[in-house]
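S.K.:
2 protein chains.
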Amino acid sequence: MPETPRRTHRLSGSRYGNRPTMKDVAARAGVGLKTVSRVVNGEPGVTPETERRVQESIEALGFRRNDSARVLRKGRTASVGLVLEDLADPFYGPLSRAVEEVARAHGALLINGSSAEDADREQELVLALCARRVDGLVVIPAGDDHRYLEPELRAGVATVFVDRPAGRIDADVVVSDNYGGARDGVAHLIAHGHRRIGFIGDMPGIHTASERLRGYRAAMEDAGIPVEDAWMSLGVTDPERVRRATEEMLSRPDPVTAVFTGNNRVTVTVIRVLSERSRPVALVGFDDIELADLLRPGLTVVAQDSAALGRTAAERLFRQLDGTLLAPERIELPTKLITRGSGELPPAD
Amino acid sequence: MPETPRRTHRLSGSRYGNRPTMKDVAARAGVGLKTVSRVVNGEPGVTPETERRVQESIEALGFRRNDSARVLRKGRTASVGLVLEDLADPFYGPLSRAVEEVARAHGALLINGSSAEDADREQELVLALCARRVDGLVVIPAGDDHRYLEPELRAGVATVFVDRPAGRIDADVVVSDNYGGARDGVAHLIAHGHRRIGFIGDMPGIHTASERLRGYRAAMEDAGIPVEDAWMSLGVTDPERVRRATEEMLSRPDPVTAVFTGNNRVTVTVIRVLSERSRPVALVGFDDIELADLLRPGLTVVAQDSAALGRTAAERLFRQLDGTLLAPERIELPTKLITRGSGELPPAD
DNA sequence: TAGAGCCTGGACAACGTTGTCAGGCTCAGG
DNA sequence: CCTGAGCCTGACAACGTTGTCCAGGCTCTA
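Chains as they are written, first to last, in my numbering: chain A, 1 to 349; chain B, 350 to 698.
1. Compare the C-alpha of arginine 481 of chain B against each of A/Gly341, A/Glu56, A/Val268, A/Leu110 and name the closest.
2. Whose C-alpha, out of A/Glu85, A/Arg28, A/Thr50, is nearest the C-alpha of glycine 143 of chain A?
3. Does valine 429 of chain B come out as helix, strand or coil in the three-state DSSP assignment?
4. In the DSSP assignment, what residue or residues form a beta bridge with asparagine 112 of chain A?
5. How long is the line joining the alpha carbons of histidine 146 of chain A and glutamine 55 of chain A, rounded to whole angstroms?
6. Please work out which residues of its chain come closer than 6 Å, Cβ to Cβ, to proline 297 of chain A, disregarding the five sequence neighbours upstream and downstream, and give them in chain order.
7. Scan the stretch 554-601 of chain B and note each continuous alpha helix (DSSP H) run of 4 residues or more that stays entirely inside, going in chain order.
8. Going along the chain, which residues of its own chain have a beta-carbon closer than 7 Å to the beta-carbon of alanine 477 of chain B, five neighbours each way excluded?
9. Considering only their Cβ atoms, is the gap separating valine 139 of chain A from phenylalanine 161 of chain A smaller than 7 Å?
10. If you run the structure through DSSP and keep just helix, strand and coil, what is arginine 645 of chain B?
11. Measure how close the beta-carbons of leucine 309 of chain A and serine 176 of chain A come, nearest whole angstrom, since I'm counting them as under 8 Å.
12. Give, in chain order, every residue of the stretch 275-291 of chain A whose Cβ lies closer than 9 Å to some Cβ of chain B.
13. Just mark arginine 6 of chain A as buried or exposed, buried being the case when its beta carbon has 16 or more other beta carbons within 10 Å.
14. Where does alanine 308 of chain A fall in DSSP's three states?
15. Compare the Cα-Cα distances from asparagine 367 of chain B to each of A/Val40, A/Arg73, A/Ser57 and report the closest residue.
16. For glycine 341 of chain A, write down the residues that DSSP places opposite it in a beta bridge.
17. In its own chain, which residues sit with a C-beta less than 7 Å from the C-beta of phenylalanine 91 of chain A, not counting the 5 before and 5 after it?
18. Step through the CB atoms of chain B and report whether any lies within less than 7 Å of the CB of isoleucine 331 of chain A.
19. Would you kindly work out how many angstroms separate the C-alpha atoms of valine 46 of chain A and glycine 81 of chain A, rounded to a whole number?
20. Would you call the stretch 152-160 of chain A and the stretch 182-198 of chain A touching, i.e. three or more CB-CB distances under 8 Å?
21. Reducing DSSP to helix, strand and coil, say where proline 347 of chain A ends up.
22. Can you name the residues of chain A whose CB is closer than 8 Å to the CB of leucine 459 of chain B?
23. Beta-carbon of serine 306 of chain A versus every beta-carbon of chain B: anything under 7 Å?
24. Between the Cα of aspartate 519 of chain B and the Cα atoms of B/Ala676, B/Leu486, B/Pro696, which residue gives the shortest distance?
25. Pull out every residue of the stretch 597-621 of chain B whose Cβ sits closer than 9 Å to any Cβ of chain A, in chain order.
26. Are there 16 or more other CB atoms within 10 angstroms of the CB of proline 226 of chain A, so buried, or fewer, so exposed?
27. Short of 8 Å Cβ to Cβ, which residues in the stretch 430-443 of chain B face chain A?
28. By DSSP, does threonine 261 of chain A sit in helix, in strand, or in coil?
29. Return the bridge partner residues of glutamate 681 of chain B from the DSSP annotation.
30. Of the residues A/Ala166, A/Glu152, A/Gly262, A/Ala29, which one's Cα is nearest the Cα of glycine 235 of chain A?
31. Closer than 8 Å by beta-carbon distance: list the chain A residues that pair up with serine 445 of chain B, in chain order.
32. With distances taken from CA atoms, which of A/Arg214, A/Ile197, A/Arg196 is nearest methionine 203 of chain A?
33. Under a three-way DSSP split, which group does valine 157 of chain A fall into?
34. Do we get a CB-CB distance below 7 Å when we pair valine 71 of chain A with the residues of chain B?
35. Pick out whichever of A/Ala182, A/Glu59, A/Ile197 has its Cα sitting closest to the Cα of glutamate 501 of chain B.
36. So what does phenylalanine 286 of chain A bridge to, in DSSP terms?
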């Protein structure tokens, strides 16, 4: 990481960090160093009069305790790290916020970083957080090998993986029921008379994607419908390619009459494609989308509760820190089918 | 803040934080402490052979440098703080991500917190970040008095306010052209023949809200249209009340034929109300919304570029840290009118 | 009035790292 | 063989805080 060595000063001559310390406060108040510490931390054993003098001194100097030093001494940082894929994705906003709320309730701050779906960057971020000695880590994995975390786990850094399981280590995991959700969603389409159903999802290397694909296959098999390869498009996620994939499925001599989309980004693009066509095509998407109810037809989705994922993970994290928790566990949260119209369209054969 | 005093241990007897230090690494490798430091920091002056031994030792022990100690020594934390209103709001996701990207380019981590639109909580968060000695702060203000930051500014903590100006202190500010954007949006409605135009926005105490209201009034005045009080609904933001306010405007003997909404949350609710009515009502909203193009009619908006706000602020922050920057400045980013249909509906008189 | 016990305050070490500085080694040149 | 230059290496202090421990002064009682 690039350092910034040179630094001209914004203020006259004073060094950066030339901030008042407890020593300065003590000198000004005419008390000992430790007395200031006691006042700052609300410890007992200080006369009201002394306390007043110290407080006045703190105000006057604009003193703020240096938590780096405190952490060094105490061993706990009262901060937790969150590594996710992309904060700008509407799926992660509520998740992050939920983690933050739980952290706040435990008096901890949240440091977060986006891995941009890159395993190396994930590791770099996680290790940077560990170097800062966060008390705990919530990780939405990008990579599939997390053995690099072994020393941290051994050292007692609380760790919870969310949305996707950890790779090659034994750790707490909180995930949605991707398999069951997808199966239900596809079964819903089948129940409305569809037999030729397309699936557009992410690379099967991604755990959530492969689980959803598995759910799709299971629903089809349950209904005794053989799946044709041409109905599935995997690893396709950028808008242009999703568009092409969708159009191909719809232009076959035997076109699909319904589509199941594997995540919110894919869903959005497919909606665009379908909205340009006259023949109605049924659609169920994985992940809810804002305004889904305002589309015509309304969008039927398999919704996962991203805030609940974050909350559950964070609560588990702090239970690890309490020592309340023993063995790593895998928690699966249910998904919910929300019908709004697009999934209930009959096949246009 | 509540501390968690008790703590049972996850691992056998070892204290938490009983992690290897440079001293341990040094002992195992049979070298001096400082030599380890040199290897860890890539400083020159270490024999390849010595370096190898040290590296081996680091691997074996799972050593990670303790950045708290490092920070204490060096004075810089290589982290910046971001305080915003609510990470779960789609407006802030891209903003936060943009700040993170710039920080990353400068080798810094991002710590963020949500103020939940509460001035006390904002201050609490900001001071917590200062206690951690973040190098810089990006703040989306909830409160309107930031004099509590004076000691930090004096101490050289880089600070940039975004989206709304700072209160009672002199600091860098990056905002959208709320006034101009609203004026353009309303003028757009007027240009399409509307004269009775409603405005639904947040409390005028919020800077962005009052600026947008000012823009509304200006556009009306420019067109020589006297504004009636009943056309304006201020400080109304929760869905139920927005709904009522909208319905009242539309049910008057002289109903409004168009509505200008002051932020994305209001817009969404108004869309819902309008979609239930048969008579078409024109709508222009402040802030873009995902899928706005898929609605029928498409939603016309005054869009601000939240990522650009974040990027601009963060870049300015690091220029402060470079010492490149001198006087605090106010930067205004333009907004963009995106026409998609709802704003071009003619008045249904 | 003296002694016991309590309350307040402060001196000191320690946390893990980095900057400074000096010592020891090697090697070339005289 | 000696000297000096140059390269590695490590001892030590310092960063700002908190935990431990002790001293001094006070109050209260016998």
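Beta carbons are placed, not taken as given, at the ideal position from N, Cα and C, and that holds for glycine.
Computed from a predicted model, the values in this text were never measured in an experiment.
M.R.: This is what the structure gives:
1. The residue you call residue 481 of chain B lines up with position 132 of the second sequence. Ranked by Cα distance from arginine 481 of chain B, the first of A/Gly341, A/Glu56, A/Val268, A/Leu110 is A/Leu110.
2. Numbered from its first residue, the first sequence carries residue 143 of chain A at position 143. Looking at the Cα atoms, A/Glu85 is the closest of the given residues.
3. The sequence position of residue 429 of chain B within the second sequence is 80, counting from 1. Collapsing the DSSP output to three states places valine 429 of chain B in a strand.
4. Here the question's residue 112 of chain A lines up with position 112 in the first sequence. Paired residues: A/Leu82.
5. Indexing the first sequence from 1 puts residue 146 of chain A at position 146. Indexing the first sequence from 1 puts residue 55 of chain A at position 55. If you take the alpha carbons of histidine 146 of chain A and glutamine 55 of chain A, they lie about 48 Å apart.
6. Sequence index remark: in the first sequence, residue 297 of chain A carries index 297 (1-based). Excluding positions up to five away in sequence, the list reads Gly341, Ser342.
7. 556-571, 588-600
8. If you number the second sequence from 1, residue 477 of chain B lands on position 128. Same-chain partners within the cutoff: there are none.
9. Numbered from its first residue, the first sequence carries residue 161 of chain A at position 161. Numbered from its first residue, the first sequence carries residue 139 of chain A at position 139. Their beta carbons are under 7 Å apart, which means phenylalanine 161 of chain A touches valine 139 of chain A by this criterion.
10. Taking the second sequence and counting its residues from 1, the one referred to as residue 645 of chain B is at position 296. Correct three-state label for arginine 645 of chain B: coil.
11. Here residue 309 of chain A refers to the residue found at position 309 of the first sequence. Here residue 176 of chain A refers to the residue found at position 176 of the first sequence. Going by Cβ atoms, the distance from leucine 309 of chain A to serine 176 of chain A rounds to 7 Å, so yes, they are a contact pair.
12. Ser275, Ile289, Glu290, Leu291
13. If you number the first sequence from 1, residue 6 of chain A lands on position 6. In this prediction, arginine 6 of chain A has a pLDDT of 27, which is less than 50 and means its spatial position is unreliable; nothing more can be read from the coordinates.
14. In the first sequence, the residue the question calls residue 308 of chain A occupies position 308. Three-state DSSP puts alanine 308 of chain A in a helix.
15. Here residue 367 of chain B refers to the residue found at position 18 when the second sequence is read from its first residue. Here the closest residue by C-alpha is A/Arg73.
16. Here residue 341 of chain A is taken as the residue at index 341 of the first sequence, counted from 1. Bridge partners of glycine 341 of chain A: A/Gly298.
17. Numbered from 1 along the first sequence, position 91 holds the residue referred to as residue 91 of chain A. Hits under 7 Å: Asn264, Asp287, Ser306.
18. Here residue 331 of chain A corresponds to residue number 331 of the first sequence, with the count starting at 1. Among the CB atoms of chain B, none fall inside 7 Å of the CB of isoleucine 331 of chain A.
19. As a working mapping, residue 46 of chain A is identified with position 46 in the first sequence. As a working mapping, residue 81 of chain A is identified with position 81 in the first sequence. Cα to Cα, the separation comes out at about 36 Å.
20. Segments in contact, no.
21. Within the first sequence, numbered from 1, the residue matching residue 347 of chain A stands at position 347. The answer is coil: DSSP assigns proline 347 of chain A none of H, G, I, E or B.
22. Numbered from 1 along the second sequence, position 110 holds the residue referred to as residue 459 of chain B. Those are Ile111, Asn112, Gly113, listed as they occur along chain A.
23. Here the question's residue 306 of chain A lines up with position 306 in the first sequence. No, its Cβ sits nowhere closer than 7 Å to a Cβ of chain B.
24. By 1-based counting over the second sequence, the position of residue 519 of chain B is 170. Here the closest residue by C-alpha is B/Ala676.
25. Within the stretch 597-621 of chain B, the residues whose Cβ lies closer than 9 Å to some Cβ of chain A are Val617, Ile620, Arg621, listed in chain order.
26. Here the question's residue 226 of chain A lines up with position 226 in the first sequence. A residue is called buried when at least 16 other Cβ atoms come within 10 angstroms of its Cβ; proline 226 of chain A does not meet this threshold and is exposed.
27. Asp435, Leu436, Ala437, Asp438, Pro439, Tyr441, Gly442, Pro443
28. Here residue 261 of chain A refers to the residue found at position 261 when the first sequence is read from its first residue. Here threonine 261 of chain A sits in strand by DSSP.
29. To locate residue 681 of chain B, count along the second sequence from 1; it is residue 332. B/Val524, per the DSSP bridge assignment.
30. Here residue 235 of chain A corresponds to residue number 235 of the first sequence, with the count starting at 1. The shortest C-alpha separation from glycine 235 of chain A is found at A/Gly262.
31. By one-based count along the second sequence, residue 445 of chain B stands at place 96. Ordered by position in chain A, the residues that pass the 8 Å Cβ test against serine 445 of chain B are Leu87, Ala88.
32. Within the first sequence, the letter at position 203 stands for residue 203 of chain A. Selected option, being the one with the closest Cα: A/Arg214.
33. Within the first sequence, the letter at position 157 stands for residue 157 of chain A. In the structure shown, valine 157 of chain A sits in coil (DSSP, three-state: anything other than H, G, I, E or B).
34. The count along the first sequence starts at 1 and reaches residue 71 of chain A at position 71. Cβ-Cβ to chain B under 7 Å: yes for valine 71 of chain A.
35. The sequence position of residue 501 of chain B within the second sequence is 152, counting from 1. Checked all of A/Ala182, A/Glu59, A/Ile197; the closest Cα to glutamate 501 of chain B is A/Glu59.
36. By one-based count along the first sequence, residue 286 of chain A stands at place 286. BP columns for phenylalanine 286 of chain A point to A/Val302.
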